[in-house]
Each structure stands twice: as structure tokens, then as C-alpha cells.
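In the numbering used here, the protein residues as written are 4 to 437. Every residue, glycine too, gets a C-beta built ideally from N, C-alpha and C. Remember, predicted model here, so these are calculated numbers, not experimental data. Below is one structure, written out as C-alpha cells; comments come after it.
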């Protein structure tokens, strides 16, 4: 007898055949349609058991039952006309998606495929790819990286493979089913600086880094950190950018993409240009501005160097490789010892105009600003996003409001943030047990 199970909004039908359980998806249908499918499945199984029907050769039992005893004819296997290598698939996939995918997405895919090529070789014949080859890659990578990272690399290969199958570069399915990954450790919950410092004694450097990556700042710490950034910032854009991360929870990439027109000081909001919420679409969300952040942005916009982006360098920045007034500076053993010799080797650069900041520039200047002070333990700008969410949670804000402000969609994203400040948790426990 077939039974039904509902997962999310979809129905699944399961049954036993030859002492083995089989399952197929019924899909997003009404309760009545799902029950009718289960009844039909029960009838088919009974007819098979009585010998009235016979299972066609080469047809899977679940496929037979799912299609009411009339499975589609198996498609003729597509023959790959010639050898296709892993390197060729990589090059073709990346080139084909240059216009349709974000630069960061392509950059990540390139890294993932490079690791696979390091395992299998650029000239690896994809016609011979099977499960042991991919298991070899997982086994090589997992001592160095987390199972989640290795899984993402395999997922990138499968995505490229599926595209390659449509383009007739490869045939069949990517043999990933059955891959075994070692058990990984869950990331620690976000913790305050005091909590982390109590755990550091006796830990290896790598273990310390994992803990510091889970740091979030309390509200007083956020303000102390911002005061240090303001005092130590070498460029005018650094403090307003960091303040926006701390008071609005923007990601680094969202800060780089932000435009002046996104800030509405009358409505006290900032529109955030997202890339992660909806696949294939550029979406936005609105975050209200705190009074302090509105004042910071008002002051910054009055001194803005120009251009459409919200955060930008001045047109000329001394000692900058791409923004200085001169170019052609020699380095290393070729660098002249005299100032005159060094200047003679340079030439004037064409005025570049106001260029948008890059992610690498933001990270570099953030580290330069905080590394010499009391807050060098802050691992990066994303820590301020953690801190923003934690501050909102500690004040009892509705989870739906927080999700709307920061763009969270899944329970997995929310789970690490389901904490309050330790003092708030202690008071909650006291209210129960005293």
C-alpha cells in the first residue's frame, strides 16, 4: 500500500517493492490529487504483484508507478562526438556566463574548478569521469578545508556539467550521487569579545581564528569601535562606509554597489541593492536610517568627491597604484636610489575621473584603519553586520523585521543569530528558575 508524506508544500508518495522502499515526488498538488495518486500507485503495485502487469526491462519501479504504468520512452543517449576535457569544460562554461553572472560568482566558480583541475588534471577526459574520481577530490580537499567547501566545489562542477550536457560537450549525469564527506564541525555561535577571550588559553592559532570570526560587538562596543575608525581613517569615505555597515547591516558588496540616490535623508531610509535574494534578478530592500547614521551620511554627502556611487575615493590619491597622478614607478632592484631618478622614471597619468571603490580596496583600508588599535580583533566588515543583527535581537525586535532589514530568507541563515546578549539570557533564566 502506498502512503503519502508532505514536505514543505510538496507531496511525496512512498511504497514497498521487493522489500525495498521507493519514493517519488507528486509535486505541489491539492490533498485530493495527492490521495488519488497514492490510490493509483497502490493499484499498480497490486497488479504487478499478481502478475497482471509486468515491469518493462530497464524501467525503474518508481518511474513506472509515478507515470501510472506508462513511463516515457527512454531517450537515446547522446554520444559525445569527441573527447572533452575538464579544462575545456571550464573555459567554455566561464566564457558563456560572462554576461549573465556576477563577476564574484564567476570568480568563485573559477576557483572551485581550479581545485578540481588540481586533483584530476586539466586534460582529464570527462568521458571517463566516475564516482571514485570525485571521491578522490573530496578526500584530498577535506583535511585542508571544511566538507561544506568541498561540497560547493562539487556543486560547481555539477552545474558546469549540466550546462555542458545541454551544449553536448558531455553526456549523461554528473556522477556525484554517493559521494561521502567527513563530518564537519558546526560554526560556533556568535559571541562577545569577553566570551571569546575566556576561551583562548591553550588554543592553536587556527582555533583562535575560528572563535574571532564569530565575534559580535555590543552596542557600547560598536560606538567605541566607530570612534576609533573615525579618528584613524586615512580617507574621508572610510568612516561613513563603516558606520553604514554598523548601523544598517549592509554586506561589503552592498556597500560598494550603493549609490548616492539610494540615500533618502527626508524619508530616513537607505535602499540596498541586493544580489542574493532572488536568483536571476537584482532586488532591493529598504533599511531605516538611525539618527546618528543619517547625520554621518549628510556630512559625507556634502563633501562627496563626485560620481554616482555613495562611497568613492578622490580622483587623485597619493601613493596609490591606480589613483596617483603619476605612473610607471619602478620597484625592487630596478628602483632608483635617488628621488630624481625615481621621478625621471615616471610619467603623468591620464586623469582617471572618480572611480568606484573595489571590494579589495575596502577590505585593505578597513584593515589598515583598525589593525594598529584596540579593535584589531575585529575580523572584517561582516562582523559589523553580525553586530547589527545581534543588537536588534537583543532589543526584542520581531524576527520578520530583522529579516527584512538584512535580507535573510532561510532558517539556516537565522539560526546562528538566534541569541541575545549573555546578560539578557542570564536574566531570562533567572526569571524561570531564580
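So is residue i buried or exposed if we call it buried at 16+ other beta carbons inside 10 Å?
i: residue 390; result: buried
i: residue 19; result: exposed
i: residue 80; result: Only weak support exists for where residue 80 lies, its pLDDT of 48 falling under 50; the value from the coordinates is given anyway. Under this definition residue 80 is an exposed residue.
i: residue 294; result: exposed
i: residue 3; result: This structure cannot settle anything about residue 3, because the visible part of the chain is limited to 4 through 437.
i: residue 180; result: exposed
i: residue 87; result: buried
i: residue 159; result: buried
i: residue 431; result: exposed
i: residue 407; result: exposed
i: residue 114; result: exposed
i: residue 398; result: exposed
i: residue 69; result: buried
i: residue 396; result: buried
i: residue 372; result: buried
Under a three-way DSSP split, which group does residue i fall into?
i: residue 30; result: strand
i: residue 267; result: strand
i: residue 10; result: strand
i: residue 273; result: strand
i: residue 435; result: helix
i: residue 429; result: helix
i: residue 19; result: strand
i: residue 315; result: strand
i: residue 218; result: strand
i: residue 359; result: strand
i: residue 5; result: coil
i: residue 367; result: helix
i: residue 142; result: helix
i: residue 128; result: strand
i: residue 260; result: helix
i: residue 379; result: coil
i: residue 24; result: strand
i: residue 44; result: helix
On the DSSP letters alone, give me the boundaries of the alpha helix (DSSP H) that residue i sits inside.
i: residue 299; result: 294 to 305
i: residue 402; result: 402 to 409
i: residue 99; result: 89 to 99
i: residue 229; result: 222 to 235
i: residue 209; result: 208 to 215
i: residue 193; result: Here residue 193 belongs to no alpha helix (DSSP H), and DSSP marks it neither H nor E.
i: residue 155; result: 150 to 169
i: residue 243; result: 241 to 251
i: residue 111; result: 106 to 123
i: residue 386; result: 385 to 397
i: residue 68; result: 64 to 69
Is the CB-CB distance between residue i and residue j below 7 Å?
i: residue 359; j: residue 303; result: no
i: residue 296; j: residue 250; result: yes
i: residue 43; j: residue 16; result: no
i: residue 187; j: residue 135; result: no
i: residue 253; j: residue 275; result: yes
i: residue 410; j: residue 224; result: no
i: residue 47; j: residue 30; result: no
i: residue 206; j: residue 137; result: no
i: residue 145; j: residue 185; result: yes
i: residue 125; j: residue 90; result: yes
i: residue 262; j: residue 311; result: yes
i: residue 258; j: residue 301; result: no
i: residue 255; j: residue 384; result: yes
i: residue 217; j: residue 194; result: yes
i: residue 92; j: residue 167; result: yes
i: residue 60; j: residue 74; result: no
i: residue 394; j: residue 222; result: yes
i: residue 14; j: residue 228; result: no
Would you say the beta carbon of residue i comes nearer than 6 Å to a heavy atom of the ligand ZN?
i: residue 244; result: For the structure depicted, the ligand ZN is absent and the ligand set is empty, with no information on it obtainable.
How far does the beta strand (DSSP E) with residue i in it reach, from first residue to last?
i: residue 291; result: 287 to 291
Notebook entry, point to check: Do the segment 289 to 296 and the segment 304 to 316 make contact, defined as three or more Cβ pairs closer than 8 Å?
Noted result: no
Quick one: any contact between the segment 208 to 216 and the segment 238 to 247, if contact means 3 or more CB pairs under 8 Å?
-> no
Using 8 Å as the Cβ pair cut-off and three pairs as the minimum, do the segment 51 to 59 and the segment 119 to 137 touch?
no
Three Cβ pairs or more, each shorter than 8 Å: is that satisfied between the segment 98 to 107 and the segment 115 to 124?
no
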